[in-house]
Amino acid sequence: MIPKEILDKVRLIEIQTRSVVNELFAGEYHSVFKGRGMEFAEVREYQQGDDVRSIDWNVTARVGTPFVKMYDEERELTVMLVVDASASGAFGSEEQMKGEVGVEISALLAFSAIKNNDRVGLLIFTDEVEVFIPPKKGRKHVLRVIRELLYFQPQGRGTSIAGALEYLERVIHRRSVVFILSDFLDADYQRVLQLVARRHDLIAVNLFDPRERQLPDVGFISLQDAESGGQLLVDTRNPRVRERFAEEQRGEEEQRSRAFRKLGIDEIFIDSTKSYIEPLVQFFRTRMRRL
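Okay, structure coming up:
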């Protein structure tokens, strides 16, 4: 039986997100994603301006000339929420943990989907896939998705984005809009990311806390990896130590963002200490201008 406080939280999230969905997201969501759910029709030769994500690599390799897949628009869309529940999501320096922000964003996206009569599904992962709810339509189904997010207790502490995407590729065959909500503190997932991006419309929702990116000047501290448990003693009074740490964080972020752009994957940066509404709305509007 689900505790009363969990059910109360579900109802509160529904009320909060319903207002945002109605006031801010309805038009943008419909414009950006309607028509992204497609059914394959035929291939034709590539023309300047075509989306490179539509290239049929098998046909292209066979004939030696780029060809793109053509689709007939479906009236419905499938939205998949792929949520990282690893231990690093429990980091938070203000009112909310990164993982809690991810739950609220997932709820917002889920309610946006059902408002437009689309299917929504959920995949929760750590170092393995721990929950999979196949995509369906309807308010009752969305409330089940949100209850699962709120009530879920992860068994693993690590992260395997590659494992989650490989699972997604096996079970979701219809082209979908896939939101990956994670801090992306993982490696070795680029190959499978490229594979999945060919079929699905991937959007990386990058959850971060700004204090993860810089060290405070407080003397000797022990840094511990939330997922591996490894520890390192550093002297934060040394400005070179603080700057080197910040540079490494910036370098990793820039490298990750370049990889996303190369694959045609949009990235939304969500600061867990601030409102997530503005960056989400900005993403929708920026993407709408590109259409």
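Count along the sequence shown from 1, then add 429; that gives the number in our numbering.
Glycine is no exception: its CB is placed at the ideal position from the N, C-alpha and C atoms.
These numbers were taken from a predicted model, which means no experiment stands behind them.
Can you check which of these residues, the options, is closest to residue i by C-alpha distance?
i: residue 584; options: 598, 440, 554 and 450; result: 554
i: residue 536; options: 615, 560, 509 and 558; result: 509
i: residue 595; options: 708, 613 and 557; result: 557
i: residue 606; options: 528, 539, 446 and 473; result: 539
i: residue 378; options: 662, 635 and 638; result: Because the chain is modelled from 430 through 720, residue 378 falls outside the range shown and cannot be assessed.
i: residue 680; options: 651, 532, 614 and 490; result: 614
i: residue 439; options: 480, 565, 580 and 550; result: 580
i: residue 707; options: 644, 450, 674 and 692; result: 450
i: residue 514; options: 525, 506, 499 and 532; result: 532
List the endpoints of the continuous beta strand (DSSP E) containing residue i.
i: residue 564; result: 558-565
i: residue 660; result: 660-664
Which value, in whole angstroms, describes the spacing of the CA atoms of residue i and residue j?
i: residue 546; j: residue 567; result: 7 Å
i: residue 641; j: residue 487; result: 42 Å
i: residue 478; j: residue 718; result: 15 Å
i: residue 497; j: residue 482; result: 8 Å
i: residue 671; j: residue 650; result: 12 Å
i: residue 674; j: residue 665; result: 10 Å
i: residue 686; j: residue 609; result: 14 Å
Among all the DSSP beta bridges, which residues are the ones paired with residue i?
i: residue 528; result: According to DSSP, which records beta bridges pairwise, residue 528 is partnered with nothing at all.
i: residue 550; result: 509
i: residue 631; result: 607
i: residue 471; result: 499
i: residue 650; result: 663
i: residue 636; result: 699
I'd like the span of the alpha helix (DSSP H) that includes residue i, first residue to last.
i: residue 686; result: 668-691
i: residue 698; result: Not the alpha helix (DSSP H): residue 698 falls in the beta strand (DSSP E), residues 695-700.
i: residue 592; result: 590-600
i: residue 427; result: For residue 427 there is no data in the structure shown, the boundaries of the chain being 430 and 720.
i: residue 575; result: 568-580
i: residue 491; result: 486-492
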